[in-house]
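Step one of this worksheet: look at the structure below.
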Ligand SMILES: [Zn+2]
């Protein structure tokens, strides 16, 4: 395996009072599974489109699109997680660990920050904890997962690797209204 | 803003989708005349009123689907897939 290298060149950025935090989580194994609805892979994964579930082995299974799942796990487990999928039938399994950037926006103001750059309805009844959805974030096509932490909203956002540094900067920029400071060298303007 | 109802993702801003134009029946390429094929490729009805259109859910589920849209008012209603 090649050494893991994130496209995001900055560590976590937080508002001083902790109302919002933006951090790089690119170092996560990401496996995309496409499987026909009559395959045993689809039956095993079973999470419906738009929802997510933490599997007993610690793998987070997200129903990213109809007949498509994204599996998240610790970065050194990519091969193991990919191998856990039954490829019998109309099934494809692709390791996109190195191809996608991923970051987390969390804290009491996380929803307010995301709402500034994303046109998805982030109300609790539309995108509750565990919801999986795709949309534009700061004009970048992203896959999103709401995974709340300690009672505060938290969003995992992944995009094409080459947009990672820009998207991170855009999210930090959106957080400055709530007290986060833009680190030197990080600018979208 | 035009709100388009994706059958998978729900109501979305049309900027999240790509309009693919009027739904036009595709003739059988092995039997179609040149004129029928040209009509299929290039000619559209373009009415001021209800039209059945294909849209692509570019930022969401990446599926094609069909809606009916009133080109005069931008009112949108669901359509059965062809
Ligand atoms: Zn959709």
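Residue numbers (my numbering), protein chains in the order written: chain A, 798 to 986; chain B, 40 to 121.
Where is the CB? At the ideal position from N, CA and C, for every residue including glycine.
Inset, instruction - Label residue 932 (chain A) either buried or exposed according to how many other C-beta atoms from any shown protein chain fall within 10 Å of its C-beta, with 16 as the threshold for buried. - result: buried
Legend entry - Contact under 9 angstroms by Cβ, residue 900 (chain A) with residue 979 (chain A): no
Inset, instruction - Note the first and the last residue of the continuous alpha helix (DSSP H) segment covering residue 818 (chain A). - result: Premise fails: residue 818 (chain A) lies in the beta strand (DSSP E), 818-821, not in any alpha helix (DSSP H).
Inset, instruction - Let me know the secondary structure DSSP gives residue 989 (chain A) once reduced to three states. - result: Outside the displayed range of chain A (798 to 986) lies residue 989 (chain A), so it cannot be described from this structure.
Inset, instruction - Indicate the three-state DSSP secondary structure (helix, strand or coil) for residue 117 (chain B) in the structure shown. - result: strand
Legend entry - Residue nearest to residue 914 (chain A) in terms of C-alpha spacing, selected from A:871, A:938, A:809, A:947: A:938
Legend entry - Interface positions of the region 926-940 of chain A facing chain B (Cβ-Cβ less than 8 angstroms), listed along the chain: 930, 931, 932, 933, 938
Inset, instruction - Note down the Cα distance separating residue 803 (chain A) from residue 54 (chain B), rounded to an integer number of angstroms. - result: 30 angstroms
Inset, instruction - Let me know the secondary structure DSSP gives residue 968 (chain A) once reduced to three states. - result: helix
Legend entry - Backbone CA spacing between residue 76 (chain B) and residue 101 (chain B) [nearest angstrom]: 28 angstroms
Legend entry - Contact test: residue 100 (chain B) Cβ vs ligand 1 heavy atom, cutoff 8 angstroms: yes
Legend entry - Runs of alpha helix (DSSP H) lying entirely within the region 824-852 of chain A, each at least 4 residues, in chain order: 837-842
Legend entry - Cutoff 9 angstroms: residue 121 (chain B) Cβ touching any chain A Cβ: Interpretation of residue 121 (chain B) is limited by its pLDDT of 49, a score under 50 that renders its predicted location unreliable; no figure is taken from the coordinates.
Legend entry - Interface flag, residue 965 (chain A) vs chain B, CB-CB below 9 angstroms: no
Legend entry - Cβ shell of residue 951 (chain A) (< 8 angstroms), same chain only, five flanking positions each side left out: 901, 902, 903, 904, 907, 943, 944, 945
Legend entry - residue 915 (chain A) Cβ short of 8 angstroms to ligand 1 heavy atom set: no
Inset, instruction - Examine the Cβ distances between the region 859-866 of chain A and the region 815-831 of chain A and report whether three or more of them are shorter than 8 angstroms. - result: yes
Legend entry - Which listed residue (A:889, A:885, A:888, A:894) has its alpha carbon closest to that of residue 876 (chain A): A:894
Inset, instruction - Take residue 858 (chain A) as the anchor and find which of A:958, A:983, A:984, A:941 has the nearest alpha-carbon. - result: A:941
Inset, instruction - List the residues of chain A whose Cβ lies closer than 7 angstroms to the Cβ of residue 99 (chain B), in chain order. - result: 931, 932
Legend entry - the region 957-977 of chain A touching the region 813-829 of chain A, judged by at least three CB pairs closer than 8 angstroms: yes
Legend entry - Close beta carbons around residue 879 (chain A), own chain, < 7 angstroms, minus the five adjacent residues each side: 828, 890, 892
Legend entry - Contact set for residue 59 (chain B): own chain, Cβ-Cβ below 8 angstroms, skip 5 residues either direction: 92, 93, 94, 95, 103
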